[in-house]
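Top line first, the protein sequences correspond to chains C and Y.
Here the first sequence stands for residues 152 to 338, numbered as in my numbering.
Here the second sequence stands for residues 152 to 338, numbered as in my numbering.
Note that beta-carbon positions come from the ideal geometry of N, C-alpha and C, so glycine has one too.
Below is one structure; the comments refer to it alone.
Number of protein chains: 2
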Amino acid sequence: MINHIKKLLPLDKLEEEVLLSKITFKKLKRRQFLLQEGDVCRHYNFIVEGCMRMYMVDEKGTEHNLQFGEKNWWITDIGSFHSDVPTQLFIDALEPSEVLQIKKEDLIFIYTHFPKIDRYFRVLIENAFIKMQARVLQNISATAEEKYLTFLKDYPNLSNRISQIQIASYIGVTPEFLSKVRRSLMK
Amino acid sequence: MINHIKKLLPLDKLEEEVLLSKITFKKLKRRQFLLQEGDVCRHYNFIVEGCMRMYMVDEKGTEHNLQFGEKNWWITDIGSFHSDVPTQLFIDALEPSEVLQIKKEDLIFIYTHFPKIDRYFRVLIENAFIKMQARVLQNISATAEEKYLTFLKDYPNLSNRISQIQIASYIGVTPEFLSKVRRSLMK
DNA sequence: CGCGACGTTGATTTGCCTCAACGATTGTGG
DNA sequence: CCACAATCGTTGAGGCAAATCAACGTCGCG
Numbered sequence: 152m153i154n155h156i157k158k159l160l161p162l163d164k165l166e167e168e169v170l171l172s173k174i175t176f177k178k179l180k181r182r183q184f185l186l187q188e189g190d191v192c193r194h195y196n197f198i199v200e201g202c203m204r205m206y207m208v209d210e211k212g213t214e215h216n217l218q219f220g221e222k223n224w225w226i227t228d229i230g231s232f233h234s235d236v237p238t239q240l241f242i243d244a245l246e247p248s249e250v251l252q253i254k255k256e257d258l259i260f261i262y263t264h265f266p267k268i269d270r271y272f273r274v275l276i277e278n279a280f281i282k283m284q285a286r287v288l289q290n291i292s293a294t295a296e297e298k299y300l301t302f303l304k305d306y307p308n309l310s311n312r313i314s315q316i317q318i319a320s321y322i323g324v325t326p327e328f329l330s331k332v333r334r335s336l337m338k
Numbered sequence: 152m153i154n155h156i157k158k159l160l161p162l163d164k165l166e167e168e169v170l171l172s173k174i175t176f177k178k179l180k181r182r183q184f185l186l187q188e189g190d191v192c193r194h195y196n197f198i199v200e201g202c203m204r205m206y207m208v209d210e211k212g213t214e215h216n217l218q219f220g221e222k223n224w225w226i227t228d229i230g231s232f233h234s235d236v237p238t239q240l241f242i243d244a245l246e247p248s249e250v251l252q253i254k255k256e257d258l259i260f261i262y263t264h265f266p267k268i269d270r271y272f273r274v275l276i277e278n279a280f281i282k283m284q285a286r287v288l289q290n291i292s293a294t295a296e297e298k299y300l301t302f303l304k305d306y307p308n309l310s311n312r313i314s315q316i317q318i319a320s321y322i323g324v325t326p327e328f329l330s331k332v333r334r335s336l337m338k
């Protein structure tokens, strides 16, 4: 199952061995937490199997989904990870899941000794940043219906697997209103 | 004026010389474009003086501000830059401005020969990503008033210099409504 | 001086939320 | 394996936040 990582970038023997030696494996039941508000995020997490989410809970107790992740995706609170600051976010499993974890000191070690992997992570963040940027644009310019359609287009796999409550929370509307949007789309 | 970059990370003589040799200077009048929809974004742009914005224009002709930039900030459409794809964004100057530009091939050259600078740009993107993430959270969870107050807190310099039309477009409300929010805040 | 941006205000409309209720499905413990 | 609880998706009535449209005074600038 660790081959998943190798698919993403070509590695030589040494790089592969070092990565393998630094990785730990973790199994999560449905609803189990990988990160909770107040924790410091100490790992980069790579999802091997299942489906997860990262979200915030506001003062009223409402959850707001920041990101989903499935097989072959990274899911990490980069802010907390890099600044060693307690996170405001939660990460939990929407389905039984399996993740690979790399600790911060190991990642830094890898960064400094293997520029190729360093560059891989830069590209990773660049792509994540580009997506976030597109999402901000949607948020400030689109209607709920447009946001929903964009979500379906961008995440066709996820849209079948996760509940509308989760989708509603991701695009920033209530589940009731999302239901009405869907109804008007069916017409 | 090129010292601005050096303040951001300690450079040795060689790194400094290489950077200097790869940089070009550009002066912009108020309202002049640095990038327009349909262009491919070919430079990383570092603002030396003035104030700029990056924005999208929707089908109705409404502008939506994605990012502002002032002295010592980078402003670039990273998506278009890295994929050589025509951008959907505009970058123009809100005030007379001066920028330093690095071409893509030069940046790649620097990345491969100077890992330290490579890492500097990774950190740059990480920080930008973290901010974008926080902004998405605001977008899906906060009211217009909260978004406005957050903007004032995050960009105290900018809020004095740029018009409320620009701020409204950044937080995703109409200028009329922002005016009403401000009125109710004065109480 | 006159024009065009800007900020503001008011009246009206609309998109989305809140709350409450209801079947249908899922899941869980006895 | 069944019974009960919990979660989910949906619907409707009513309310509020924000958009739209129109009008107006102010200011900076050519």
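In the structure shown, what three-state DSSP assignment does residue i receive?
i        : result
Y/Thr325 : coil
C/Asn311 : helix
Y/Gln239 : coil
C/Tyr306 : coil
C/Ile316 : helix
Y/Leu162 : coil
Y/Ile226 : coil
Y/Leu300 : helix
C/Glu200 : strand
Under the assumption that residue i contacts residue j (Cβ atoms under 8 Å), give the Cβ distance between them as a whole number of angstroms.
i        : j        : result
C/Asp243 : C/Phe280 : Not a contact, Cβ separation roughly 24 Å.
Y/Leu179 : Y/Pro247 : 7 Å
Y/Leu288 : C/Leu217 : 6 Å
Y/Tyr206 : Y/Glu214 : 5 Å
C/Cys202 : C/Arg312 : 6 Å
Y/Gly189 : C/Asn290 : About 24 Å separates the two Cβ atoms, so there is no contact after all.
C/Phe272 : Y/Arg273 : 7 Å
Y/Lys254 : Y/His194 : 6 Å
Check for me: the alpha helix (DSSP H) holding residue i runs from which residue to which?
i        : result
Y/Lys289 : For the sequence presented, residue 289 of chain Y should be read as Gln rather than Lys. Run containing Y/Gln289: Pro266 to Ser292, per the alpha helix (DSSP H) assignment.
Y/Ile229 : Ile229 to Ser234
Given residue i, which residues of its chain have a CB within under 6 Å of its CB, disregarding the five upstream and five downstream residues?
i        : result
C/Phe219 : Arg204 and Leu309
C/Ala346 : Here chain C covers residues 152 to 338 and nothing more, so residue 346 of chain C does not appear.
Y/Asn154 : none
What residues in its chain sit with their C-beta under 7 Å from that of residue i, if we drop five residues either side in the sequence?
i        : result
Y/Phe197 : Ile156, Trp225, Val250 and Leu251
Y/Leu186 : Cys192, Asp228, Thr238, Leu240, Phe241 and Ile242
C/Arg182 : Asp243 and Ala244
Y/Pro326 : Gln315, Ile316 and Ala319
Short of 8 Å in beta carbon distance, which residues of its chain neighbour residue i, apart from the five on each side in sequence? Order them along the chain.
i        : result
C/Glu166 : Phe265, Lys267 and Ile268
C/Lys338 : none
Y/Glu275 : It is worth fixing the name first, because residue 275 of chain Y is Leu in this sequence and not Glu. Within the same chain, Y/Leu275 has close Cβ partners Trp225.
Y/Arg333 : Tyr299 and Gln315
C/Ser138 : The structure shown does not extend to residue 138 of chain C, since chain C is modelled only from 152 to 338, so the question has no answer here.
Where do the ends of the beta strand (DSSP E) carrying residue i lie?
i        : result
C/Leu251 : Ser248 to Lys254
C/Lys178 : Ile174 to Leu179
Y/Glu214 : Glu214 to Glu221
Y/Leu245 : No beta strand (DSSP E) holds Y/Leu245; DSSP gives it neither H nor E.
Checklist entry - At a cut of 8 Å, does the segment 197-211 of chain C reach the segment 257-265 of chain C through at least three beta carbon pairs? => result no
Item to check | Contact between the segment 226-241 of chain C and the segment 165-176 of chain C (3+ Cβ pairs under 8 Å) | outcome: no
Item to check | Inter-stretch contact (C-beta, 8 Å, three-pair minimum) for the segment 290-299 of chain Y and the segment 313-329 of chain Y | outcome: Taking one beta carbon from each stretch, the segment 290-299 of chain Y and the segment 313-329 of chain Y have 3 or more pairs nearer than 8 Å; the two touch.
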